[in-house]
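Shown next, in structure tokens, is the structure this report addresses.
Residue numbers (the numbering used here): 9 to 238.
Following this line, the structure appears as structure tokens:
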């Protein structure tokens, strides 16, 4: 809750994303998007390609051909090829591992962040972000989304972002890009807790057991105390 509360205090409204962990096709596409656009800098070291194949019920060959980078083994974790020296040289720090980013930030935060880049020539990479101010990361999706500029307004004597205005069109329509980002976020939420659906399924039985145990414990208590006079 802390990241979300601090984010809300800045006056930026999170956009809502429809995450569906039962949509295996969406997660599969999101995995491909991640490898194509994110894995160059960000690992997801707690996820293996074999686990993706098992959870999404697809063949190992499909994962290696359509998701994993060339030369990867099905049992490999999702590690970036970027070394520590180069990352510090280019970005000033090591890009974080994103295995648990969805649990730290939340799905809506990720969705808004990926759509919230805008042109800012004062920054080293020429872009900034509505959610993560002064982020040290270039906008990797600008060719798909196009470029946006920030329209400012005065609020309590300070300049704040009112909305983002499209400056150049991308290769995708707005609806296509929204779907693309949704698939990517869906995959990141899955990576954050691959057993989430199984946990929810088992949780129903655990709660039922606890309720039944409470009834039995109550009846047993009444049986023990029925002959005790107050």
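The C-beta atom is built at its ideal place from N, Cα and C for all residues, glycine as well.
query, result
"Taking the alpha-carbon positions, what's the residue 170 to residue 77 distance?", "40 Å"
"If we call anything under 8 Å between Cβ atoms a contact, is residue 23 one with residue 123?", "yes"
"Would you report the Cα separation of residue 9 and residue 131, rounded to the nearest angstrom?", "Residue placement at residue 9 is poorly supported in this model, since its pLDDT is 40, which falls under 50; the coordinates are not used for a value here."
"Just to check my reading of the structure: residue 152 and residue 179 have Cβ atoms closer than 8 Å, yes? What is that Cβ distance to the nearest angstrom?", "6 Å"
"Below 8 Å CB to CB, which residues in the same chain sit around residue 83 once its five sequence neighbours on both sides are set aside?", "56, 57 and 58"
"So what does DSSP say about residue 247, is it helix, strand or coil?", "Here the chain has residues from 9 to 238 only, and residue 247 is not among them."
"To the nearest angstrom, report how far apart residue 110 and residue 222 are at their CA atoms.", "36 Å"
"Would you mind reading off the limits of the beta strand (DSSP E) that contains residue 47?", "It is not in any beta strand (DSSP E) - residue 47 carries neither H nor E in the DSSP assignment."
"For residue 34, would you say it is in contact with chain B, using Cβ-to-Cβ distances shorter than 8 Å as the test?", "Of the chains in the structure shown, none is chain B; there is only one protein chain."
"Decide yes or no for the touch test of the segment 89-103 against the segment 153-170: beta carbon pairs closer than 8 Å, at least 3 of them.", "no"
"How should residue 191 be labelled, buried or exposed, when 16 other C-beta atoms within 10 angstroms of its C-beta is the threshold for buried?", "buried"
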